[in-house]
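Student: Quick one: this structure, given as structure tokens, is what I'll be asking you about.
Numbering (the working numbering), first residue to last: 9 to 232.
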């Protein structure tokens, strides 16, 4: 194995395990939410892969779920006066609305009823993996409290707007990059897998790729 399981390799493995068709990435990547859709069960998964220092149960992690330029889309969101000086609650409500609209529009476009996040976590060495799956449903803006993070070094208001439920951070929106992060916790029911990394030689790697192409196309066009 060269590298590790991530990005398109992770998506390909997921589709193989679920026995669902995988679109050709050379034809372009969809901006819709679900990376994998099982049309038979109307199930969709938003897939992510992340590296973590610790894969212990109950550890929390943050990952990007959306680029949310809510200021640019203020009129579209129905709050034309929204700006960075707006109250944290106003900004947070717009953030959740923006995210919920993404879920609703993707569910409609991709015919998804059962909505999930499928996240593959890996350690730094790339020999231990944890698969976590969570329901992915619209958020209730009424249960969130919002506040700007405080820079621990300067004591000044930071760049991240934090959305919390019962004192626990669930969402973080960074005003500079306009990226929205979500917090998740590794559940006890997560699927764990350890593998032995084997590095292929260059010759073996190229021969394997050519052999696979030759078998799939059933021609003699690909000769190592």
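Glycine included, every Cβ here is placed at the ideal spot set by N, Cα and C.
1) May I have the straight-line CA-CA distance separating residue 78 from residue 111, to the nearest angstrom?
2) Hey, quick one: how far does the alpha helix (DSSP H) through residue 97 stretch, first residue to last?
3) Nearest by alpha-carbon distance to residue 20: which of 98, 213, 128 is it?
4) Rounded to whole angstroms, what is the Cα-Cα separation between residue 193 and residue 222?
5) Going by CA-CA distance only, name the one from 117, 99, 59, 70 that's closest to residue 169.
6) Tell me whether the beta-carbon of residue 47 lies closer than 8 angstroms to the beta-carbon of residue 119.
7) Of the residues 185, 30, 203, 125, which one's Cα is nearest the Cα of residue 76?
8) Is it buried or exposed for residue 188, if we count other Cβ within 10 angstroms and need 16 for buried?
9) In this structure, how does DSSP classify residue 132 when only helix, strand and coil are distinguished?
10) Would you please state the rounded distance, in angstroms, between the beta carbons of residue 149 and residue 203? I believe it to be under 8 angstroms.
11) Short of 6 angstroms in beta carbon distance, which residues of its chain neighbour residue 180, apart from the five on each side in sequence? Order them along the chain.
12) Whose CA, out of 147, 138, 62, lies closest to the CA of residue 102?
13) Under the rule that 16 or more other beta-carbon atoms within 10 Å means buried, what is residue 241, buried or exposed?
14) Residue range of the beta strand (DSSP E) that residue 68 falls in?
15) Using 10 angstroms around the beta-carbon of residue 115, count the other beta-carbons present and answer buried if the total reaches 16, otherwise exposed.
16) Look at the alpha carbon of residue 95 and the alpha carbon of residue 80, and state the distance between them as a whole number of angstroms.
17) Going by the beta-carbon positions, is the gap between residue 126 and residue 218 smaller than 8 angstroms?
18) Give me whichever residues DSSP pairs with residue 158 in a beta bridge.
19) Which residues in the same chain have their Cβ closer than 8 angstroms to the Cβ of residue 89, if we skip the five residues on either side of it in sequence?
Tutor: Per the coordinate set shown:
1) If you take the alpha carbons of residue 78 and residue 111, they lie about 16 angstroms apart.
2) That run of the alpha helix (DSSP H) goes 96 to 118.
3) Of 98, 213, 128, the residue nearest in Cα terms is 128.
4) Using only the alpha carbons, I get a separation of about 44 angstroms.
5) Checking every option, the nearest Cα to that of residue 169 belongs to 99.
6) Annotated as proximal: residue 47 and residue 119, with beta-carbon spacing under 8 angstroms.
7) Closest in alpha carbon position to residue 76, among 185, 30, 203, 125, is 185.
8) The residue is buried, with at least 16 neighbouring Cβ atoms inside 10 Å.
9) In the three-state reduction of the DSSP assignment, residue 132 falls in the coil class, being assigned neither a helical nor a strand state.
10) Not quite, the Cβ-Cβ distance comes to about 41 angstroms (not below 8 angstroms), so this is no contact.
11) If we look at residue 180 and ignore the five residues flanking it on each side, its Cβ neighbours are 168, 170, 189.
12) Out of 147, 138, 62, 147 has the C-alpha closest to the C-alpha of residue 102.
13) Past the boundaries of the shown model lies residue 241; the chain is included only from 9 to 232, so the question cannot be answered.
14) Annotation for residue 68: the continuous beta strand (DSSP E) segment containing it runs 68 to 75.
15) Here residue 115 is buried, its C-beta having at least 16 other C-beta atoms within 10 Å.
16) Taken atom to atom, the span from the alpha-carbon of residue 95 to that of residue 80 is near 17 angstroms.
17) No; because the gap between Cβ atoms is not below 8 angstroms, this pair is not in contact.
18) For residue 158, which the question treats as bridged, DSSP gives the partners 165.
19) Excluding sequence neighbours, residue 89 sits near 82.
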